[in-house]
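The sequence shown finishes on residue 221 if you use my numbering, and the numbering steps up by one all the way, no holes.
Backbone N, C-alpha and C fix where the C-beta goes; we use that ideal spot for every residue, glycine too.
Fair warning: this is a prediction, and the values are worked out from it, not measured in the lab.
The structure under discussion appears below in the form of structure tokens.
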Amino acid sequence: MAITPSSLALPSIMFRLSIAFTVLAAAACASAQLLGGTFLLKHNSTNKYLTEEDIGNPMTMLIKSNTRNQKWKVDLATPIVPTTFQSDVSSNYVAYTAIGDGEFVKTGVDRKKYTLVPKNSGFYVIRLGEDRNLCLGVSTLYNPPLCRQEECEDGDISQLWKLENPN
């Protein structure tokens, strides 16, 4: 085989491509970290926790609380793989239902899927699995504030959640 300028360039290009793909794969793994376990769900704007308080009243099933006693099991998830949130108290799942003037969040046996979209400082937007325009949010029109499905906008930081270690 004769050595030509083009044959010398081929290994160099392949080496550069392999480095580029390695860097790209490492970046993809870092941004798509696997997340799973039991967490407290803390709302960014209110600094309160998602709590299953009154199972008999669907309007207040999931409300905010300052207590850190309600834990939620999160199945293994990435930003592109949907997950569920299961109560450690009742074994029910975070779901939603149409009540009155909106889609309010409640718990139930339905395994509604949510996608965790990472944001700054360990916060997440929790998007509804079936409709990427809706996310787990809070309506402060009620006292106490109620969780509901809210429209998501990319720059909105009012509907961010932190998954805290319960210990």
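Assumed close pair residue i, residue j - CB separation to whole angstroms, cut-off 8 Å
i	j	result
L104	L116	6 Å
Q140	Y147	5 Å
C189	C206	4 Å
G191	Q213	4 Å
N120	K102	6 Å
Closest residue to residue i among the options (Cα-Cα distance)
i	options	result
F93	F177, I134, L188, K173	F177
R181	P220, W215, K125	W215
D164	T137, L200, Q124	T137
P172	E184, E204, L217	L217
G209	Q203, V179, L95	V179
V128	R186, E157, S145	S145
R186	N174, G91, T161, I134	I134
W126	I211, G91, N174, G162	G91
Distance CB(residue i)-CB(residue j) smaller than 7 Å
i	j	result
P199	K118	yes
V13	E106	Only positions 55 to 221 of the chain appear in this structure, which leaves residue 13 out of reach.
E157	Q203	yes
DSSP bridge partner residues for residue i (one or two, in chain order)
i	result
Y168	T137, L182
Y196	DSSP, once it has assigned bridges, lists no residue as partnering Y196.
Q124	DSSP, once it has assigned bridges, lists no residue as partnering Q124.
E205	L188
K102	Answer is none; K102 lacks a bridge partner.
K173	Per DSSP, none; premise fails for K173.
L94	E218
Minimum Cβ-Cβ distance from residue i to chain B less than 7 Å
i	result
Y178	Structure shown: chain B not included; a single protein chain is present.
Q | Validate contact between the segment 191-199 and the segment 164-176 using beta carbons, cut 8 Å, 3 pairs | A | no
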